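Colleague:
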Amino acid sequence: MLDKQSALEALVHGRKPGHSLDAPFYTSAEVFDADMEAIFYRHWIYVGVEPDVPEPGDVMTVNIGKASVLIIRDDDMEIRAFHNVCRHRGARLIDEEKATVGNLVCRYHSWTYALDGRLVHAPHMGAEFDASCKGLKSVHLRSLEGLLFICLTEEPPEDFDYVAARMAPYIAPHKVRETKIAYQSDLIEMGNWKLTIENNRECYHCEANHPELTVPLFAYGFGFSPEEMDPLDLENAQRYEALRKTSHAEWENMGLPSHEIEELDSRVTGFRTERLPLDGNGESHTMDTRAACRIPLGAFSNAKLGGLSFWTQPNSWHHFLGDHIVTFSALPLDEGRTLVRTKWLVNKDAVEGVDYDIANLIEVWTATNAQDSALVQMCQQGAMNPAYEPGPYSPNTEMLVEKFIRWYISRMTEYLAK
Amino acid sequence: MLDKQSALEALVHGRKPGHSLDAPFYTSAEVFDADMEAIFYRHWIYVGVEPDVPEPGDVMTVNIGKASVLIIRDDDMEIRAFHNVCRHRGARLIDEEKATVGNLVCRYHSWTYALDGRLVHAPHMGAEFDASCKGLKSVHLRSLEGLLFICLTEEPPEDFDYVAARMAPYIAPHKVRETKIAYQSDLIEMGNWKLTIENNRECYHCEANHPELTVPLFAYGFGFSPEEMDPLDLENAQRYEALRKTSHAEWENMGLPSHEIEELDSRVTGFRTERLPLDGNGESHTMDTRAACRIPLGAFSNAKLGGLSFWTQPNSWHHFLGDHIVTFSALPLDEGRTLVRTKWLVNKDAVEGVDYDIANLIEVWTATNAQDSALVQMCQQGAMNPAYEPGPYSPNTEMLVEKFIRWYISRMTEYLAK
Amino acid sequence: MLDKQSALEALVHGRKPGHSLDAPFYTSAEVFDADMEAIFYRHWIYVGVEPDVPEPGDVMTVNIGKASVLIIRDDDMEIRAFHNVCRHRGARLIDEEKATVGNLVCRYHSWTYALDGRLVHAPHMGAEFDASCKGLKSVHLRSLEGLLFICLTEEPPEDFDYVAARMAPYIAPHKVRETKIAYQSDLIEMGNWKLTIENNRECYHCEANHPELTVPLFAYGFGFSPEEMDPLDLENAQRYEALRKTSHAEWENMGLPSHEIEELDSRVTGFRTERLPLDGNGESHTMDTRAACRIPLGAFSNAKLGGLSFWTQPNSWHHFLGDHIVTFSALPLDEGRTLVRTKWLVNKDAVEGVDYDIANLIEVWTATNAQDSALVQMCQQGAMNPAYEPGPYSPNTEMLVEKFIRWYISRMTEYLAK
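Chains A, B and C are the protein sequences, given in the same order. Using full-length UniProt numbering, read the first sequence as starting at 1 and increasing by one per residue. Using full-length UniProt numbering, read the second sequence as starting at 1 and increasing by one per residue. Using full-length UniProt numbering, read the third sequence as starting at 1 and increasing by one per residue.
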């Protein structure tokens, strides 16, 4: 145990600033176990949205590492989270990702829990048995304007309140609670979760790899090296910068906060947001850059709202458009595999085939996810090579990758100091 | 090594009486290795029946953990067991589960062993080679009225003689040696072997999970909480108890020992037996509770013989009916997988399609096995959850589970003290 | 680390001469890691032939353990080897086994390397970035008359020059560089790499297992026990010995060195060679023992050239016939799996379907490889059995197995002493 700790300390303290991590951070099962312990079992993890459990008795199961958690909506419409383990013989209570129940009944010996977690029936246990000590173990859950975050530790990071207060004005107008899930995709990337997040935190790779995403998205918005650009490129970049400024002013006038907030590596619950203008018709993340859904979100009347992006450490990113929302959670499976769960949300009153077409709605991000998955796998294969060594991040295009890694290293450092 | 030992000692000594085990007992590869070493390589393991190798030269291979063992019937009809490893380059000698051979010839370089294990041919080994030291390594084997048990250690537990003497009068009338294997199923349960056995040692889960098994089987026979029962239930339970007593008297008069012997946690070769009355027509473990085979076992003339059950620690259970036998061995594959091998035996003179129908013969236990397999998997998933903690056994319905766990803990304690 | 080292030392120093290795050498993941470190990352490993990359820009990837290496032919026809890892974020550069490129462009962020490894383009890295330090890491590569060997360590064994000087006269007449690859097979054997090599180093198993190979090959050529042979066998063996002598004299007169050189365990780059007469028509490794390709290799005019065999430690064997070459490399995947890659080479001017038929060309070794694969798997299964113990090698037929093991043990001993 001490040996493992000191080996991990040496890795964490030996991190070379401005460079990718040493190979074991991506390939070692021991580092993975520490990541679970230090990061995923102790921070706010994004797992889904309120529309995942729209009705009383709706249950969603989410697995974080070896933990399995139930997200349940009760009869008073309150949403709660519990560990998915019967208190009798330890059976997993719900196996499906989604279910609807009256009570939670363990299949094994019919122990029965109410939707608030109380054990209400346990046959044959005898007179001395005290059911009141055997309710389901609860898990901390917070809803940020409909986005659900859970935290598995006893005392979760307190700065979630701060993050929620800063972010609520940005997210609220998109009215997540009044959406439905039009489509969900579960993709297993063959790489460490940190490679998934690193890949998400830069658009340096977009031009060469994402022909669909770069239709609506300006790659300029994620950094460049001015000295390397030709006059035409520079002119385009300047035009984009001007567009960003005028758009921000316009949107803020409409009551839509748009300016960047960037606290990715300066707090426990690191996050960043900004509303970005889109290319072409400027409406949505679609191949024609027009809205994918005829019924807008919330009370929007103007279609050209750009895209509000929201990133959280350690495991989520989100794009809120005028007509739909795309929301992503990365859930580590083991040191070399990560589940990327993507949900597309539209107004709950929209009718499939009438107001929106699923193929059109999901085209850009389905293609982009597949491309990113291949890139993550290439990096995982590279990190396993004994010849791999940390390489330099671009100071112009990979600043947010560096901030993710800095956040990770500082969280690990604090964990190891305990 | 010392660290592993002290970690294991802490687990074993920290077991909470009356509760399921701590998670590592079900999920850790190191505990699994210790289970193999302490339990499966040192106790009498049930592996099959004499009719598995009915004729001279018949061979059956059985794998226990990483060990592979040959069970062979020689030309004098004697049954022996040997390690399935050539003494030359270590090749596995027989790969199939069943084979018939003249001698045991290694495919690699034709080293040839007689059915008694002697090396009788080893070409090109030169004049100085002494074949007499290179016979197959033998394995202890005992037949309890046709049930085959092997023990991999040099000095097997001596109390097998006692168990055999107590059990022979119960089993002998069913004449295992005069049966044939009508059907065998190999099912891999996705759970630790101790979960498989725990599940086998209680019928608390039967009512909610085994609609087929509870047709012939009275769930009352495995315990209940009297204070929770309504008057009708109590009346039924009392009627069952009366039936059990009169049946025992009747069967013992017929020369069929029937009363319970229960030494599950009080000896090294723990076991239990009892002949139980059946529901309905009371003849067999079938959906119509009638005999599945027209030709009875042994010399039986009365079909209503109930079911003689026999359980052994650590890995078997058996039901002897008047017309057939169902016999089960649980063989651990790794910490999360267990092979459950089920054999249905009928009178060797019975003709399939004429005297018995296989679908009818196997229906109850095929369904029950599949249901148990799902339950074991639920518990394995639960035990992997960091939120799992040992839960309480019912004092009314899980006494035999507690006895299995007590036996296991005492065997591990003795092993660790060596 | 010290514990692992001392455990390994105990295994290495405890090896029983003349016997197969202790089980952990075949089954332990820790020994496998040491094998990679001590053997495969520090010796000359045979990986393919110059005709694998015939044209400028042709690339072949080869994986040795966790290392992935690019073999590239540049515009000046020079062949070089590099680690297959981008110096930026560590992505694997080429995923396919074979490709043809102008430059090596990383798919992730378009970092671009010339065929000589220099980094020639890295966008957005800023003014302070020094591309000259970020070229691809090179790997030592040598061509022995067209056979490609690589070595992953900084200072490779120096005796390769000696081996090349001794072997060049044997191999050169077969003109590997003027061949093409007619067929390649990749077979994953379910056994440790040392079992693959042990199996390759004796023909004791040929008679019982290789009906196809023993059509052209005289099993006598690989040893026997004279005292066990009957008069007819002995007469045949003597006839073979006479044939070998007259053939050697004849071939050496034609300028084809043929006598045995055997330095398998007496140097770092252990090797052995001999030209062997063939049975039947004596031309090739085919089912009718005639040439499989109508166009001979090199400038040969006589078809009856026997078979020149060449073995290297730790991972290759080769048969050079008058009409084709069969060449094998064994590449360990993990402690229980080994890739055996077989290439059949014919004169580059030969036309498939006209001058040779692939089914006929590959029949003998395709069958032989499949048989060997089954044998290796049997030994791996045996080595996992707790009852396995090292068995004796035949002093008459397994001398070269013993030499391989002696070489391995001496290389491990030297590694551990460092």
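Idealized CB from N, CA, C, for every residue including glycine. If you're wondering where the values come from, they're calculated on a predicted model, not measured in any experiment.
What ranges does the beta strand (DSSP E) occupy inside the UniProt domain "Rieske" (46–150) of chain C, keeping only unbroken runs of at least 3 residues that lie completely in it?
Modeller: Listed in chain order, they are 58–64, 67–73, 79–83, 98–100, 119–121, 138–144.
Colleague: Is there at least one Cβ from chain B nearer than 8 Å to methionine 36 of chain C's Cβ?
Modeller: For methionine 36 of chain C, the answer is no, since every Cβ of chain B falls outside 8 Å of its Cβ.
Colleague: Kindly indicate if chain A contains any beta-carbon less than 8 Å away from that of glutamine 5 of chain B.
Modeller: Not closer than 8 Å to any Cβ of chain A, the Cβ of glutamine 5 of chain B fails to qualify, so no.
Colleague: Mind the definition here: the stretch 229–237 of chain A touches the stretch 125–132 of chain C only if three or more C-beta pairs lie below 8 Å; say whether that holds.
Modeller: In short, these stretches do not touch, since the Cβ pair count stays below three.
Colleague: Closest to residue 421 of chain B by C-alpha separation, out of B:Leu115, B:Ala91, B:Gly90, would be which residue?
Modeller: One cannot answer for residue 421 of chain B here, as it falls past the ends of chain B, which runs 1 to 418.
Colleague: Can you give me the start and stop residues for the beta strand (DSSP E) that histidine 318 of chain A sits inside?
Modeller: Its beta strand (DSSP E) spans residues 316–320.
Colleague: Residue range of the alpha helix (DSSP H) that histidine 248 of chain B falls in?
Modeller: That run of the alpha helix (DSSP H) goes 231–253.
Colleague: Where does leucine 276 of chain A fall in DSSP's three states?
Modeller: The answer is strand: DSSP assigns leucine 276 of chain A an E or B state.
Colleague: Assuming histidine 174 of chain A and isoleucine 325 of chain A form a contact by the criterion Cβ under 8 Å, report the distance between their Cβ atoms to the nearest whole angstrom.
Modeller: Between isoleucine 325 of chain A and histidine 174 of chain A the Cβ distance is about 6 Å, and since that is below 8 Å, they are a contact.
Colleague: Output the distance between the C-alpha atoms of valine 401 of chain B and glycine 307 of chain B, rounded to the nearest integer angstrom.
Modeller: Distance between the alpha carbons of valine 401 of chain B and glycine 307 of chain B is about 21 Å.
Colleague: Could you tell me the boundaries of the beta strand (DSSP E) in which lysine 180 of chain A lies?
Modeller: Per DSSP, lysine 180 of chain A belongs to the beta strand (DSSP E) from 179–189.
Colleague: Please determine, among C:Ile72, C:Val59, C:Arg87, C:Ile94, the residue with the shortest C-alpha to C-alpha distance to histidine 121 of chain C.
Modeller: The shortest C-alpha separation from histidine 121 of chain C is found at C:Arg87.
Colleague: I'd like to know whether the C-beta of glycine 280 of chain A is nearer than 8 Å to at least one C-beta of chain C.
Modeller: Closer than 8 Å: no.
Colleague: Express the C-alpha separation of isoleucine 79 of chain C and serine 266 of chain A in angstroms, rounding to a whole number.
Modeller: Each residue's alpha carbon lies about 50 Å from the other.
Colleague: Which bits of chain A does glycine 382 of chain B rub up against, with CB to CB less than 7 Å?
Modeller: Within chain A, the residues near glycine 382 of chain B are Val85, Cys86, Gly90, Ala91, Arg92.
Colleague: According to DSSP, is cysteine 203 of chain C helix, strand or coil?
Modeller: It is coil, neither helix nor strand.
Colleague: Sorted by chain position, which residues of the same chain lie with C-beta nearer than 7 Å to threonine 153 of chain C's C-beta, five sequence neighbours on each side aside?
Modeller: Within the same chain, threonine 153 of chain C has close Cβ partners Tyr41, Arg42.
Colleague: Below 9 Å on C-beta distance, what does alanine 131 of chain B contact in chain C?
Modeller: The contacting residues do not exist; alanine 131 of chain B stays about 11 Å from chain C at best.
Colleague: Determine, using beta carbons only, whether glycine 126 of chain A comes closer than 8 Å to chain B.
Modeller: Chain B contact via Cβ: present.
Colleague: So does the stretch 285–305 of chain B actually touch the stretch 185–203 of chain B, counting three or more Cβ pairs closer than 8 Å?
Modeller: No, because fewer than three Cβ pairs between the stretch 285–305 of chain B and the stretch 185–203 of chain B fall closer than 8 Å, the two stretches do not touch.
Colleague: Going by the DSSP bridge assignment, what does leucine 331 of chain A pair with across the sheet?
Modeller: Per DSSP, A:Leu339.
Colleague: When Cβ atoms are compared, which residues of the stretch 47–79 of chain A fall closer than 7 Å to chain B?
Modeller: Listed in sequence order: Lys66, Ala67, Ser68.
Colleague: Taking proline 386 of chain B as the reference, give the member of A:Glu9, A:Phe271, A:Phe82, A:Ala7 with the closest Cα.
Modeller: Of A:Glu9, A:Phe271, A:Phe82, A:Ala7, the residue nearest in Cα terms is A:Phe82.
Colleague: For a contact defined as C-beta to C-beta under 9 Å, what are the partners of glycine 102 of chain A on chain C?
Modeller: Residues of chain C passing the Cβ test: none, with the nearest at roughly 49 Å.
Colleague: What is the residue span of the alpha helix (DSSP H) that leucine 152 of chain A lies within?
Modeller: Leucine 152 of chain A -> no alpha helix (DSSP H), and no H or E assigned at all.
Colleague: Glycine 391 of chain A touches chain C at which residues, Cβ-Cβ below 8 Å?
Modeller: Within chain C, the residues near glycine 391 of chain A are Cys86, Arg87, His88, Arg89, Gly90, Lys134.
Colleague: List the endpoints of the continuous alpha helix (DSSP H) containing threonine 27 of chain B.
Modeller: Taken as a continuous stretch (DSSP letters only), the alpha helix (DSSP H) holding threonine 27 of chain B covers 24–27.
Colleague: Go ahead and pull the three-state DSSP assignment for glycine 307 of chain B.
Modeller: Glycine 307 of chain B: strand per DSSP, three-state reduction.
Colleague: Quick one: which residues of the stretch 210–235 of chain A get their C-beta closer than 8 Å to a C-beta of chain C? List them in chain order.
Modeller: So the close ones are Gly223, Phe224, Ser225, Glu227, Glu228.
Colleague: Are at least three pairs of beta-carbons, each pair with one atom in the stretch 251–264 of chain A and one in the stretch 299–314 of chain A, less than 8 Å apart?
Modeller: In short, these stretches touch, since the Cβ pair count reaches three.
Colleague: Kindly list the residues whose CB is nearer than 6 Å to the CB of lysine 403 of chain C, restricted to its own chain and excluding five residues on each side of it in sequence; keep chain order.
Modeller: Counting only Cβ-Cβ distances below 6 Å, and skipping sequence neighbours, we find Leu264, Asp265.
Colleague: Could you confirm whether any beta carbon from chain C is found closer than 8 Å to the beta carbon of valine 110 of chain B?
Modeller: It should be noted that the sequence gives serine, not valine, for residue 110 of chain B. Chain C, which has a Cβ nearer than 8 Å to the Cβ of serine 110 of chain B, makes this yes.
Colleague: So, using beta-carbon positions, are leucine 119 of chain B and lysine 134 of chain B closer together than 8 Å?
Modeller: Result yes, Cβ atoms of leucine 119 of chain B and lysine 134 of chain B sit closer than 8 Å.
Colleague: Restricting to Cα atoms, I'd like to know which of A:Ala330, A:Tyr108, A:Leu278, A:Phe149 is closest to valine 215 of chain A.
Modeller: With distances taken between Cα atoms, valine 215 of chain A lies closest to A:Leu278.
Colleague: From B:Asp161, B:Ala359, B:Gln238, B:Asn347, pick the residue whose C-alpha is nearest to that of glycine 270 of chain B; which is it?
Modeller: The shortest C-alpha separation from glycine 270 of chain B is found at B:Asp161.
Colleague: State the Cα-Cα distance for the pair aspartate 74 of chain A and asparagine 103 of chain A, rounded to the nearest angstrom.
Modeller: Taking the straight line from one Cα to the other gives about 10 Å.
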